[in-house]
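Written out below as structure tokens is the structure these notes cover.
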Amino acid sequence: MYYEDIHIGKKIQQIFSQTGLTVSQFARLLGVQRTRIYVIFESKTLDTDLLCKISDVLHYDFLTEVYIKKRENVHQNPNSININFQITPDKLGDFIKSINKFKKAGIVMG
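The following block contains the structure:
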């Protein structure tokens, strides 16, 4: 699985320890009981809403951290690239036709 080596609670604890906040202050900012902070530190996974809230409080993008580590663990074909497109609705039809041509030529997989 992609996320095997990610322990988000430990990463949160690491970033938290650099802030100078006390556990009580951190809990108050999150709106949780102090004991919940220790549960968070021990958690391998967390609810996305809670992770976003923690990111805001600690001024650290934990979602990107998890995503980047996931991408680093994916074994990708070294001969392939991923490209993101932004297509306006009026150009969507032309874009789909182009992709279909690339698929037929074996240039695009999927």
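For the sequence shown, my numbering assigns the number 39 to the initial residue and increments by one for each residue that follows.
Yeah, the Cβ is synthetic: ideal placement off N, Cα and C, and Gly gets one too.
Please read these numbers as outputs of a predicted model, since none were measured by experiment.
Query raised in the report: So, helix, strand or coil for Q56, using DSSP?
Result: Within the sequence shown, numbered from 1, the residue matching residue 56 stands at position 18. Three-state result, Q56: coil.
Report task. Using alpha carbons as the reference points, say which of D85, T83, H97 and T86 lies closest to L59. Result -> The count along the sequence shown starts at 1 and reaches residue 59 at position 21. The residue among D85, T83, H97 and T86 with its C-alpha nearest the C-alpha of L59 is H97.
Query raised in the report: Buried or exposed: which applies to D132, given that a residue is buried once 16 or more other Cβ atoms fall within 10 Å of its Cβ?
Result: As a working note, residue 132 is residue 94 in the sequence shown. Exposed, because fewer than 16 other Cβ atoms sit within 10 Å of the Cβ of D132.
Query raised in the report: D85: which of F100, Q71, T73 and R66 sits nearest, CA to CA?
Result: Translated into the one-based positions of the sequence shown, residue 85 becomes position 47. Here the closest residue by C-alpha is F100.
**Report entry** Under the three-state DSSP convention, the category K82 falls into
**Finding:** Residue 82 sits at position 44 when you count from the first residue of the sequence shown. In the three-state DSSP reduction, K82 falls in the coil class, being neither helix nor strand.
Query raised in the report: How would you write the range of the alpha helix (DSSP H) that Q63 sits in, first residue to last?
Result: In the sequence shown, residue 63 corresponds to position 25, counting from 1. Run containing Q63: V61 to L68, per the alpha helix (DSSP H) assignment.
Query raised in the report: Does the ligand SAM have even one heavy atom less than 6 Å from the beta-carbon of I53?
Result: What this structure holds is no ligand at all, so the ligand SAM is not there to describe.
Requested in this report: Determine the direct distance from the alpha carbon of F64 to that of E103, and round the result to whole angstroms.
Outcome: Locating residue 103 in the sequence shown gives position 65, where the first residue counts as 1. Locating residue 64 in the sequence shown gives position 26, where the first residue counts as 1. Looking at the backbone, the Cα of E103 and that of F64 are separated by about 20 Å.
Query raised in the report: Which whole-angstrom value is the C-beta distance of K82 and L68, which I expect to be below 8 Å?
Result: As a working mapping, residue 82 is identified with position 44 in the sequence shown. As a working mapping, residue 68 is identified with position 30 in the sequence shown. No, K82 and L68 are not in contact; Cβ-Cβ is about 19 Å, not under 8 Å.
Requested in this report: Could you check what DSSP says for I44 in three-state terms: helix, strand or coil?
Outcome: In the sequence shown, counting from the first residue as 1, residue 44 sits at position 6. Correct three-state label for I44: coil.
Query raised in the report: Nearest to I50 by alpha carbon, out of I78, K135 and T126?
Result: Along the sequence shown, read from residue 1 onward, the residue named residue 50 stands at position 12. Nearest option by C-alpha distance: I78.
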